[in-house]
Each structure stands twice: as structure tokens, then as C-alpha cells.
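>
Protein chains in written order, with this note's numbering: chain L, 1 to 649; chain P, 1001 to 1123.
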């Protein structure tokens, strides 16, 4: 029993349904069958009874005269007339003592009938029906009626009728009904099973769908067919699956990228998709600036919506920023509960916005952005829509935070890499500088000897013509070599500045004078100086500063070639002096400009590429700055900023 | 007839000293301070030999080779340089240089090479 019950509980809905239908129809059929059989039996048997009573009464009345006259022949005649019918088993007349007066079986006459049936019949004052079966099993109805002669009972008439035929007929009818019933029930059961299947099929589909979805197959779509509740259920289920899928897909998509713009774009796209809206906008909230700025707009008619700052006091976004809960407006432009801002209203009017919802994107109770979704039609947002958007906003918050952290990480990583590169570069440069300085240092001694010899030879020279020229070449080239060596030494083994008050104008003039005597100085160059007459002394190393000016002036002159204008200006800027060195040379191409201060970077065939590197290093060691401005075909301008000597100022 | 040599170098010291040396060896020497100047000379007269520096501005030794071949296909050019790399050497020989020498030049070596080159030109 228990097992059966368990089986029933585990059985499919279809089985239960079919079982219920079959059992109930069978029960109904059984009750009906019993009722029909009973009624039929009653009807048949009461017919038999009526006929029997009538027969026995007729028999009794017809026998009256014969009994009075003791006319056995007539009696026999009556009895024989009755027994002509096949169903009549017997007919007899008994006198009041039970003696058989006449009987369908002639040999029974004269016998005393003392069996219970006969006794019952004789004793009964009215007509009587007694039921019994013969020893060979034939069911018999025994009807009896008293024969009165002038109110005196003289005899009893008895007729035995077999009801075998009637019972057989009843049985046949019953069998027919059962047969028909079984056929009908079988058809009915099949039909019921089929119907059960048909009705429960959508439930089965639903169950399969649920299992599929539970297994993670969110692409499974439950076919919506049939009608009524199941159809609604399937649609609701599909809707739910789609929402779940959209949410999962959203979070998957959102977490698949660490690019903030891409994240925002996907959030907006999914917001549109989830609630089938027309426009969606996202404004990430900047905690430092305390403002939300619209970054992404999808579905907008114009690009103007972008780059809009959300005022925390105004509009739907403002309200949401303050309250941190979603806000729905069924008719934004006429919504009196919103603090309207002409800027937002103009945009919404241009976009044809009717209803809108603003949802906060929060992370750990903090607003990280705003999601705003709108319809251009009079559709309203349901609580489910808002719920869906909120759930998506939570995903979006995480993705936005991840993207933000990633960007921070990337930036700091880039800083570290840059610092590392800088360090490596500096180390390498220091090593190169050290090596070149060592070589330069060693070269200085032989160079010094050559220089001394050449100077002595030239002082007492008897050489003429080409020989004199050759000696002169030796002298100039030695000088050049010395400069190269000095550059390498200055770069490789920089000396710390020996600060002293330096009169810059005097230094500029001295340097220019020295340069004019140099062979490399083009004579056709015009030098224009414009000095600030009240410029105080500089706080600088005089020799190093002269090196700076020398390098800048010579560079300018060599760039201009045979003719051009070198302009040197000074001015004061608070605690600093500004020295401007401008030439009218060919200029530096923009691709070279960022590299000109790099050591060994040169565009000139004869240059070491150290001049400007030394200039920058010296300026920086003086806590000054150097910047350059150049335009090809126009010229180049270097601007030095150096500190003023505070003691003499 | 005295062989005529064109010396091309934008560094006056190098150019002058080389010119004086070659003159003392008995050649007729013409100097040019740039490739442009050299090409101007090449257009007007024939030289038995051109000796040019590789690193010059704005046009360099390779340009000199190309231009010399355009105007004087028969002219021989020796390229000298202070920055001799195998690649530069290959490039110059590819462009038609008859020789590629590194600075500083050895006077004896240079004389031998020039003599060998100009042997057929008669003196």
C-alpha cells in the first residue's frame, strides 16, 4: 500500500491525470451498471409477477364451476389449457385438505400435497407468490389463488412459472451492457490518456524547459502553444528566462572588458534591450569632482545629449543622486514632482521623451553612476522593469569599478615602467658618460702635448705658404679635438656648479666676442642684443653658464649658415631671469624637437650630440628651466630661466 | 698631362690638408666644400679621380657617387670616411665607388692606390 502510494506520488502528472479519469469513469460505470441491472430485473420480474397473478386468478375463476360440480374433466380441460404455454411448469388445483384435484401431470391426481409450498398456498387467504428453485436449478415463481364458492373456500389454484428465460434475458442484457461498457470504457480510457497527454504535454515541456534551464542552458525556449494558464505560464517562464539570460549575459559581457567606455556602452545597450526602451543614457559619478557627467547615450537622435553634467538638485538624475533610489516618471515633461531644468527639458523635448526611469548605479551603498532609460511612447515602466534595471545596475557597478581600478592600475603601471625606463636610461647614460669621460681624460694628455708643440711652432715659425697653412690646420683641428674632449668630460664627469653672482650681460658679450674669433663663426651673422637694464645678477656657475651660452650661440650660428640674425634678450620674471636665444635658421623638424636634449642626438655631420644635453643638465643643476620653440623655415628659439642671485638683487 | 683630382669634403681642415698633400705628389687638385659644388665642377670639366667624404650635409658621399655617375659615367670616385662600417662600404661600392678608405688616411697607402688607379692615364 505504502509502495503504491509512493509510486503514485512519483508518477508523472500525465499518469495521475489519466488514472484519475479512468478510475472515476469506471466507478461511475459500475454504479450505473448496477442501477440499470437492478431496474431492468425489477421491470422484467414485475411483468412476470403481474402475468402470473392474472393467470392464476383466471385459473381460479374458471375452475369455480368445475369445483362446484366436481367435474374433473372440465378441471382437467382448464389445466391443460393453461399448461399449453411452455413457460408454465405446472398447474394444479388442490382441495382444502391438500389433495390434488387436478394436475398438469395426470399421475399426480389424488395425491396429498403436503410440501411447504402447497401448505403455504392452502393457508394463504389471498393470492400468493412463492419463489423457489427446482432441484435441477430452474428458478420458479409459484403463484396461488384461493377458489371461493359462495364465500366458502373450496380449493386452491396453483401455477408454477419458470423464470429461467427472463433471468437469461436479464443476464444477456447485463452482458451486453458490460460488453458495451468495456468497449466504451476502453475507448474512454484511451481518450482520457490521450487528453491527459495533450493537456499535460505543455506541463511536460515546461518541466523539460525548467530542467534545461536549471542545467544552465538559458538559450532554451519553451514553445508557447495550447491556451489558458499553461500558455501564460510558458510565456512567463520564457520572459523570466530571457531576463535571467540577459542579466547573466550582461554581467558576462560587462566583466569581459576592462575598458570603461566599452562597459558603459554595454550597460546602456543592455538596459535598452532588457526593457525594450528607446533611449538609454549613462552618467558615471566622479567622486573627486562630485559630479555625474553623461558619457554614453544610446538611441538618441542627436549627439548633444553627451557631455551633460547632472546637477544634484535638478531633474530625475539629480533626485536619484540625492535619494539613491530609482525614480519613475510616467510623463516627464509634465511631472510636477520633478525639479525641472530647462537644459534637460529641452533635450527631452527634442528627443520626444514621454516616460522615463532613472536608476542609481551603486556599489557598497555609494553612487558610482546613473542609468536613465526612456520611452518615446506613453508606455510606463513596471516595477519589474525597474527591478530588472536595478539588478543590472548592480552588475554594471562592479564592472565600472573593475574598469576604474584597471585604469588606475594601468596608469600606475605605466608610471612605474616609465620610471624604470628612465632609470635604465639614466644608468646607461651615466655608464656611457663615464667611459667617454675616461677616454676623453686619457686623450687630453697627448692632446695637450700636441697643442703645446703647435703653439710653440707657430710662435717661432719660419714656415710660409702651404706649410704655414698646414700648421694652422693642425692648430684648429687640435682646438676642435679639445672641445670634443671637453664636451665628453663635461657630460661624463659633470662638476658641481660653483655658485657666484654672475653678470649675465657681460657674460653674453664676452662669449660672443670669443665666438667671433672662432673659425666656425660665420662672419655675416647679425647679432642683436636686447638686455633688461635693471636685471640683477644671476646665481650661477660662471664657467658652466658660459658653456651654455657658447653651445646655444654656436648651434644657432651653425644652423643659420652664412647669414641670419641671432637675437639675445634678457628679462626678469620675479625671482628668475629669462634669457632668450633666437635664430632665423631652418628650424628643427617636429619629429626631432622632443629629442634634441638627448645625449648623442645630432642632426649635424660633425656634431657629438652632447651640446644641448650639457646645456640642459647645467640649467637643471642651476634649478632653472630650458624650453624650445621651433618652426621650420622660420627659426628656433630657446628660452632659459635661471635664478636671480638674492644677495645682490 | 697632369692627372686632375677633385677633393670633396665639407670639413676645411681635412679638405685643405688632403689637397696640399696630393698637390705635392704632383697632381692637379680642385677642392669642393660640398656635393653641390663638386657636381658643378664635374659638369664643366673632366677629372681623373674624385675623392669624397662620406658624411657631408646636406648631400653625402653616396649622393656624390650617384650624381658623378650621372654626369661623368667614366669618372672614378674614392670615398673616404671617419665612420667606416661594412654596410657603408658595401653601399658605396654598390653605387660605383672604386675604393673605400677610412680616416685617418695613411699618406703612403693613399699614394700607392691613386698611382695604381691612374696608371693607365699616363703622366
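All residues carry an ideal CB built from backbone N, CA and C; glycine is no exception. Owing to the predicted nature of the structure, the values given are computational and were not obtained by experimental measurement.
With residue 370 of chain L and residue 310 of chain L assumed to form a contact (beta carbons below 8 Å), what rounded beta-carbon distance in angstroms separates them?
What you label residue 370 of chain L is simply residue 370 of the first chain in a count that begins at 1. What you label residue 310 of chain L is simply residue 310 of the first chain in a count that begins at 1. At roughly 6 Å, the Cβ-Cβ gap stays under 8 Å, so residue 370 of chain L and residue 310 of chain L are in contact.
> Should residue 1052 of chain P be flagged as near chain L, meaning a C-beta pair shorter than 7 Å?
In the second chain, counting from the first residue as 1, residue 1052 of chain P sits at position 52. Answer no: the Cβ-Cβ gap between residue 1052 of chain P and chain L never drops below 7 Å.
> Pick out whichever of L/506, L/591, L/177 has its Cα sitting closest to the Cα of residue 30 of chain L.
Within the first chain, the letter at position 30 stands for residue 30 of chain L. For residue 30 of chain L, the nearest C-alpha among the options comes from L/177.
> Identify each residue in the region 1003-1014 of chain P for which the Cβ-Cβ distance to at least one residue of chain L is less than 9 Å, and report them in chain order.
Answer in chain order: 1010, 1011, 1012, 1013, 1014.
> At a CB distance below 7 Å, what residues from the region 458-480 of chain L approach chain P? Give them in sequence order.
Against chain P - using a Cβ distance shorter than 7 Å - the residues of the region 458-480 of chain L are 466, 469, 470, 473, 476, 477.
> CB-CB under 8 Å to residue 528 of chain L, same chain, minus the five flanking residues each way: which ones, in chain order?
Counted from its first residue, the first chain places residue 528 of chain L at position 528. The residues are 565, 566, 567, 568.
> Going by other Cβ atoms of all chains shown within 10 Å of its Cβ, with 16 needed for buried, is residue 118 of chain L buried or exposed?
The sequence position of residue 118 of chain L within the first chain is 118, counting from 1. Per the 10 Å Cβ criterion, buried.
> Could you confirm whether any beta carbon from chain L is found closer than 7 Å to the beta carbon of residue 1016 of chain P?
Your numbering for residue 1016 of chain P matches position 16 in the second chain. So, interface residue.
> Using a 10 Å radius around the Cβ and a threshold of 16 neighbouring Cβ atoms, would you call residue 360 of chain L buried or exposed?
Here residue 360 of chain L corresponds to residue number 360 of the first chain, with the count starting at 1. Result: buried.
> List the whole-angstrom C-beta distance separating residue 53 of chain L from residue 143 of chain L, where the pair is believed to meet the contact cut-off of C-beta under 8 Å.
The residue labelled residue 53 of chain L in the question sits at position 53 within the first chain. The residue labelled residue 143 of chain L in the question sits at position 143 within the first chain. Correct: roughly 6 Å between the Cβ atoms.
> In the region 1031-1057 of chain P, which residues sit with their C-beta less than 7 Å from some C-beta in chain L, listed in chain order?
The region 1031-1057 of chain P vs chain L, Cβ under 7 Å: 1055, 1056, 1057.
> Strictly under 7 Å for the Cβ-Cβ distance: is residue 1020 of chain P near chain L by that measure?
Working through the second chain from its first residue, we reach residue 1020 of chain P at position 20. With 7 Å as the cut-off, residue 1020 of chain P counts as an interface residue toward chain L.
> Nearest-angstrom Cα distance between residue 1123 of chain P and residue 1016 of chain P?
Position 123 of the second chain, counting from 1, holds the residue named residue 1123 of chain P. Position 16 of the second chain, counting from 1, holds the residue named residue 1016 of chain P. In this prediction, residue 1123 of chain P has a pLDDT of 46, which is less than 50 and means its spatial position is unreliable; what the coordinates show is noted afterwards. Roughly 24 Å separates the two Cα atoms.
> Could you tell me if residue 348 of chain L is buried or exposed, where buried requires 16 or more neighbouring beta carbons within 10 angstroms of its beta carbon?
Within the first chain, the letter at position 348 stands for residue 348 of chain L. By the neighbour-count rule (16 or more Cβ atoms within 10 Å), residue 348 of chain L is buried.
> With DSSP as the reference, identify every bridge partner of residue 130 of chain L, one or two as the case may be.
Here residue 130 of chain L refers to the residue found at position 130 of the first chain. Answer is L/142.
> Alpha helix (DSSP H) containing residue 539 of chain L: first to last residue?
As a working note, residue 539 of chain L is residue 539 in the first chain. Counting along the chain, residue 539 of chain L falls outside any alpha helix (DSSP H), though it belongs to the beta strand (DSSP E) covering 538-540.
> Check whether the Cβ atoms of residue 82 of chain L and residue 69 of chain L sit closer than 7 Å, and answer yes or no.
Start at 1 with the first residue of the first chain, and residue 82 of chain L comes out as number 82. Start at 1 with the first residue of the first chain, and residue 69 of chain L comes out as number 69. Against a cut-off of 7 Å, the Cβ pair of residue 69 of chain L and residue 82 of chain L comes out as no contact.
> Using a Cβ-Cβ cut-off of less than 8 Å, give me the residues of the region 382-412 of chain L that come near chain P, in sequence order.
Within the region 382-412 of chain L, no residue qualifies.
> Rounded to the nearest angstrom, how far is the Cβ of residue 262 of chain L from that of residue 298 of chain L, given a contact under 8 Å?
Start at 1 with the first residue of the first chain, and residue 262 of chain L comes out as number 262. Start at 1 with the first residue of the first chain, and residue 298 of chain L comes out as number 298. Actually they are not in contact, since the Cβ atoms of residue 262 of chain L and residue 298 of chain L sit about 13 Å apart, beyond 8 Å.
> So which of L/28, L/104, L/429, L/230 has the shortest CA-CA distance to residue 185 of chain L?
Along the first chain, one-based indexing puts residue 185 of chain L at 185. Looking at the Cα atoms, L/28 is the closest of the given residues.
> Restricting to Cα atoms, I'd like to know which of L/353, L/237, L/617 is closest to residue 335 of chain L.
Along the first chain, one-based indexing puts residue 335 of chain L at 335. Ranking L/353, L/237, L/617 by Cα distance to residue 335 of chain L puts L/353 first.
> Exposed or buried, residue 416 of chain L, counting other C-beta atoms within 10 Å across all chains shown (16 or more means buried)?
Numbered from 1 along the first chain, position 416 holds the residue referred to as residue 416 of chain L. Exposed, by the Cβ-count rule.
> Given that a residue counts as buried once 16 or more other Cβ atoms are within 10 Å of its Cβ, and exposed if not, what is residue 395 of chain L?
Along the first chain, one-based indexing puts residue 395 of chain L at 395. By the neighbour-count rule (16 or more Cβ atoms within 10 Å), residue 395 of chain L is buried.
> Distance, Cα to Cα, residue 1094 of chain P vs residue 1052 of chain P?
Translated into the one-based positions of the second chain, residue 1094 of chain P becomes position 94. Translated into the one-based positions of the second chain, residue 1052 of chain P becomes position 52. Each residue's alpha carbon lies about 16 Å from the other.
> Just to confirm the assignment, what range does the beta strand (DSSP E) spanning residue 162 of chain L have?
Taking the first residue of the first chain as 1, we reach residue 162 of chain L at position 162. That run of the beta strand (DSSP E) goes 152-162.
> Go ahead and pull the three-state DSSP assignment for residue 357 of chain L.
Along the first chain, one-based indexing puts residue 357 of chain L at 357. Residue state, collapsed to three classes: strand.
> When the Cα atoms are used, what is the spatial distance from residue 465 of chain L to residue 1117 of chain P?
Taking the first chain and counting its residues from 1, the one referred to as residue 465 of chain L is at position 465. Taking the second chain and counting its residues from 1, the one referred to as residue 1117 of chain P is at position 117. Those two C-alpha atoms are separated by around 30 Å.
> On the DSSP bridge list, what partners appear for residue 500 of chain L?
Position 500 of the first chain holds residue 500 of chain L. In the DSSP output, where bridge partners are listed per residue, residue 500 of chain L has L/540.
> Under DSSP, the alpha helix (DSSP H) around residue 404 of chain L begins and ends at which residues?
Start at 1 with the first residue of the first chain, and residue 404 of chain L comes out as number 404. Segment 383-459, the alpha helix (DSSP H) holding residue 404 of chain L.
> If you check the beta carbons only, do residue 274 of chain L and residue 246 of chain L fall under 7 Å apart?
Residue mapping note: residue 274 of chain L aligns to position 274 of the first chain, counting from 1. Residue mapping note: residue 246 of chain L aligns to position 246 of the first chain, counting from 1. Cβ atoms of residue 274 of chain L and residue 246 of chain L: closer than 7 Å.
> Figure out for me which residue from L/365, L/508, L/516, L/259 has the closest Cα to the Cα of residue 728 of chain L.
The shown model of chain L, from 1 to 649, leaves out residue 728 of chain L, and the question about it has no answer.
> Going along chain P in order, which residues have a C-beta closer than 7 Å to the C-beta of residue 516 of chain L?
Along the first chain, read from residue 1 onward, the residue named residue 516 of chain L stands at position 516. Within chain P, no residue comes near residue 516 of chain L; the closest Cβ sits about 18 Å away, beyond 7 Å.
> On a Cα-Cα basis, can you pick out the residue from L/614, L/648, L/477, L/248 that is closest to residue 550 of chain L?
Translated into the one-based positions of the first chain, residue 550 of chain L becomes position 550. It is L/614 whose Cα lies nearest to the Cα of residue 550 of chain L.
> Write down every uninterrupted run of the alpha helix (DSSP H) in the region 198-256 of chain L whose length is 4 residues or greater and which is fully enclosed by it, in chain order.
If we require 4 residues or more, the alpha helix (DSSP H) runs fully inside the region 198-256 of chain L come out as 228-256.
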